[in-house]
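Student: Structure below; questions to follow.
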Amino acid sequence: MAWRAEMNRLPTKVKLVKRGVYIPNTLCVWCGYHDETSMHVLADCIIAINVWERIGKWCGLELIYAFEIKDLLQVYKKVLGGKMKRKIVHGVMIVTMWSLWKARND
Ligand SMILES: [Zn+2]
0 MAWRAEMNRL
10 PTKVKLVKRG
20 VYIPNTLCVW
30 CGYHDETSMH
40 VLADCIIAIN
50 VWERIGKWCG
60 LELIYAFEIK
70 DLLQVYKKVL
80 GGKMKRKIVH
90 GVMIVTMWSL
100 WKARND
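Have a look at this one:
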């Protein structure tokens with residue numbers, strides 16, 4: 000899922016409409032203000048921002064923000080505290096991305 004997100008290949012509403020699938024509106028199910036794109040669901044939506052803020056605090060990181068999906072997947076590279084901590088943070092980031100994507104589908 001993270002790889003597909005990075006490649007902008009998640010089946011978001013915007014992507015499905017581009018493929019000819021009929022969807023009444025392409026707005027985000029959470030905020031209802033912006034089109035549902037991978038970037039919006041995983042990083043830009045107020046729900047995602049809130050989740051990343053809490054994940055950042057939980058992991059003892061600085062503010063997590065992303066200009067593109069790749070930024071979320073590279074947060075671990077800036078983590079101080081050794082290889083094991085970086086691996087754990089990388090795992091937390093991927094699981095959180097998956098959880099956001101899954102929650103948006105529920
Ligand atoms: Zn939204």
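Position 57 (the sequence shown) corresponds to 56 in numbering that gives the first Met the number 0; numbering is contiguous. Just so it is clear, CB atoms sit at the ideal spot from N, CA and C, and this is done for glycine as well. Treat the numbers as computed from the prediction; the structure is a model and nothing was measured.
1) For a minimum of 4 consecutive residues, which ranges assigned as the alpha helix (DSSP H) are wholly contained in the region 63-95?
2) Of the residues S37, G19, V20, K12, which one's Cα is nearest the Cα of L26?
3) Near ligand 1, which residues have their beta-carbon less than 6 Å from any of its heavy atoms, given in chain order?
4) For chain B, find out if any of its Cβ atoms is closer than 9 Å to the Cβ of P23; answer yes or no.
5) Just to confirm my understanding: we take C30, look at its own chain, exclude 5 residues before and 5 after, and list those with CB closer than 6 Å. What are they?
6) Thinking C-alpha only, which one of M83, R53, V40, D34 is nearest E67?
7) For the alpha helix (DSSP H) containing G31, name the first residue and the last one.
8) Kindly list the residues whose CB is nearer than 6 Å to the CB of I87, restricted to its own chain and excluding five residues on each side of it in sequence; keep chain order.
Tutor: Concretely, from the data shown:
1) 68-72
2) K12
3) C27, W29, C30, H33, H39, C44
4) This model lacks chain B altogether; it includes just one protein chain.
5) C44, I45
6) V40
7) Here G31 belongs to no alpha helix (DSSP H), and DSSP marks it neither H nor E.
8) none
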